[in-house]
Amino acid sequence: MKKYYSISKENVYFEINYLDYKKLRGFKFTPKNKVKYNGVKVNKLIVVKLSLTNNILKKKIKRKLDMYLKYVVQILDSDDEDSGVIELALNDLERYRRIVINKYQLYLEKKYTNLLLKKIDLLEHELKTKLMYINYYTDEDTKGKSR
200 MKKYYSISKE NVYFEINYLD YKKLRGFKFT PKNKVKYNGV KVNKLIVVKL
250 SLTNNILKKK IKRKLDMYLK YVVQILDSDD EDSGVIELAL NDLERYRRIV
300 INKYQLYLEK KYTNLLLKKI DLLEHELKTK LMYINYYTDE DTKGKSR
């Protein structure tokens, strides 16, 4: 039998309520459980409060966007003439854009979502520019005399 708990702070003491997760609406995620302690291990967490959801998502998005920025800079700085790596990065950015639109847009402000999508567009634009540069020079090198 599964037990579901809800902990809410009322005045000074804590109250434990039983909830039905299927009817509860909020942002769902699974915590990493990296810290070892003799307590309750959390497998699934639903955050209902909108301001807390907003803060959690902004931190998560900032980390992911920084990771993509480092990855794109690494690709742009490399001298490799491999277009496959750039295409994989473009596909990954497109997948992340879909996650933002389908999952996170419900919980974030429209202004913040638009700014985030513009940042993703900028990263994609830089990768597409590098891809066009690689394709142009590799096509030029392969051209030669034909009989």
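Okay, so the sequence shown: first residue is 200 according to the working numbering, each after it adds one.
Cβ atoms here follow ideal geometry from the backbone N, Cα and C, with glycine treated the same way.
What you are looking at is a predicted structure, and each value in this text was computed from that prediction instead of being measured.
Problem set entry | Per DSSP, cross-strand counterpart(s) of residue 241 | Indexing the sequence shown from 1 puts residue 241 at position 42. None; residue 241 has no bridge partner.
Problem set entry | Straight-line gap, residue 217 to residue 294 (C-alpha atoms, nearest Å) | The residue you call residue 217 lines up with position 18 of the sequence shown. The residue you call residue 294 lines up with position 95 of the sequence shown. The straight-line gap from Cα to Cα measures roughly 36 Å.
For this session: Check whether the Cβ atoms of residue 256 and residue 303 sit closer than 7 Å, and answer yes or no.
Result: Translated into the one-based positions of the sequence shown, residue 256 becomes position 57. Translated into the one-based positions of the sequence shown, residue 303 becomes position 104. Yes, the Cβ-Cβ distance between residue 256 and residue 303 is below 7 Å.
For this session: Count the other C-beta atoms from every protein chain shown that fall within 10 angstroms of the C-beta of residue 271, then say buried if there are 16 or more, exposed otherwise.
Result: Translated into the one-based positions of the sequence shown, residue 271 becomes position 72. Per the 10 Å Cβ criterion, buried.
Problem set entry | Residue of 235, 315, 243, 239 minimising C-alpha distance to residue 225 | Here residue 225 refers to the residue found at position 26 when the sequence shown is read from its first residue. Among 235, 315, 243, 239, the Cα nearest to that of residue 225 is on 243.
Problem set entry | Every unbroken alpha helix (DSSP H) within the region 266-328, with a cutoff of 4 residues, ordered by chain | 282-301
For this session: On the DSSP bridge assignment, give the partners of residue 234 in chain order.
Result: Taking the first residue of the sequence shown as 1, we reach residue 234 at position 35. DSSP output for residue 234 lists no bridge partner at all.
Exercise. Are residue 326 and residue 285 closer than 7 Å when you measure CB to CB?
Worked result: Within the sequence shown, residue 326 is the residue found at index 127, counting from 1. Within the sequence shown, residue 285 is the residue found at index 86, counting from 1. Closer than 7 Å, so yes.
Exercise. Would DSSP call residue 227 helix, strand or coil?
Worked result: The residue you call residue 227 lines up with position 28 of the sequence shown. Of the three classes helix, strand and coil, the one that applies to residue 227 here is strand, per DSSP.
For this session: Measure the alpha-carbon distance for residue 323 versus residue 283 and round it to whole angstroms.
Result: Against the sequence shown, residue 323 aligns to sequence position 124. Against the sequence shown, residue 283 aligns to sequence position 84. Cα-Cα distance, rounded: 15 Å.
Exercise. In terms of alpha-carbon separation, which member of 288, 320, 316 lies closest to residue 301?
Worked result: Indexing the sequence shown from 1 puts residue 301 at position 102. The residue with the shortest Cα to Cα distance from residue 301 is 316.
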